[in-house]
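In the working numbering, the protein residues as written are 96 to 249.
For every residue, glycine included, the Cβ atom is placed at its ideal position computed from N, Cα and C.
Notes follow the structure.
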């Protein structure tokens with residue numbers, strides 16, 4: 096027999112426990128989509144003051160197919176923003192060191208290289224069709240094979 100839970104003060108049956116089926120706040124959704132389109136992460140957005148937890152966002156994604164499609168599009172745009180950021184990093188002049196005898200700071204060059212490589216590696220995992228290495232062999236034409244046995248024809 097099912098036990099009915101009652102509210103402590105009113106004595107009326109209480110609602111089901113668990114998370115209510117809520118629609119995402121449109122203002123937060125728009126802010127999040129802009130954020131992700133800029134190449135920033137969902138978790139960084141959720142760490143901002145007054146923003147929902149990342150689990151809440153994923154709950155909204157499970158409940159709202161339109162939001163899921165919009166965030167997928169924002170992530171595609173964000174990937175392009177990250178690729179453009181790689182160009183900005185590589186085009187920026189490295190720090191100089193050496194005082195009167197200026198030269199590029201090798202530590203800064205290595206740091207910039209690591210930043211670019213990490214971003215490109217993530218892009219290739221997130222969207223291998225667009226940013227991954229092409230692994231394929233295209234062959235056109237036929238192959239002619241002549242086998243010579245060394246045995247004379249009779």
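C-alpha gap between residue 155 and residue 176, whole angstroms: One-based indexing of the chain shown puts residue 155 at position 60. One-based indexing of the chain shown puts residue 176 at position 81. Roughly 25 Å between the two C-alpha positions.
Say whether the segment 146 to 166 touches the segment 200 to 219, bearing in mind that this needs 3 or more beta-carbon pairs closer than 8 Å, one atom from each stretch. no
With three or more beta-carbon pairs closer than 8 Å as the criterion, would you say the segment 118 to 136 touches the segment 182 to 197? no
Practice problem: Kindly give me the distance between the Cβ atoms of residue 218 and residue 169, rounded to whole angstroms, as I take these residues to be in contact under 8 Å. | Solution: For the purposes of this step, residue 218 is taken as residue 123 along the chain shown, with counting starting at 1. For the purposes of this step, residue 169 is taken as residue 74 along the chain shown, with counting starting at 1. Not a contact, Cβ separation roughly 15 Å.
Would you tell me roughly how many angstroms separate the C-alpha atoms of residue 248 and residue 226, rounded to the nearest one? Here residue 248 refers to the residue found at position 153 when the chain shown is read from its first residue. Here residue 226 refers to the residue found at position 131 when the chain shown is read from its first residue. For residue 248 and residue 226, the distance between alpha carbons rounds to 56 Å.
What number of angstroms, rounded off, separates the C-alpha of residue 127 from the C-alpha of residue 193? Translated into the one-based positions of the chain shown, residue 127 becomes position 32. Translated into the one-based positions of the chain shown, residue 193 becomes position 98. When rounded, the distance between both Cα atoms is 44 Å.
- Message: Our contact map puts residue 180 next to residue 138 with C-beta atoms below 8 Å; I'd like the distance itself, whole angstroms only.
- Response: Here the question's residue 180 lines up with position 85 in the chain shown. Here the question's residue 138 lines up with position 43 in the chain shown. Contact doesn't hold; Cβ gap of about 18 Å is too wide.
At the level of alpha carbons, what is the spacing between residue 163 and residue 171?
For the purposes of this step, residue 163 is identified with residue 68 of the chain shown, where counting begins at 1. For the purposes of this step, residue 171 is identified with residue 76 of the chain shown, where counting begins at 1. Cα to Cα, residue 163 sits roughly 13 Å from residue 171.
Rounded separation between residue 148 and residue 161 - CA only: Position 53 of the chain shown, counting from 1, holds the residue named residue 148. Position 66 of the chain shown, counting from 1, holds the residue named residue 161. Their backbone Cα atoms lie some 20 Å apart in a straight line.
For residue 135 and residue 239, I'd like the C-alpha separation in whole angstroms. What you label residue 135 is simply residue 40 of the chain shown in a count that begins at 1. What you label residue 239 is simply residue 144 of the chain shown in a count that begins at 1. Whole-angstrom Cα-Cα distance: 54 Å.
ask   = DSSP beta-bridge partners for residue 191?
value = For this step, residue 191 is matched to residue 96 along the chain shown. Its beta-bridge partners are 199.
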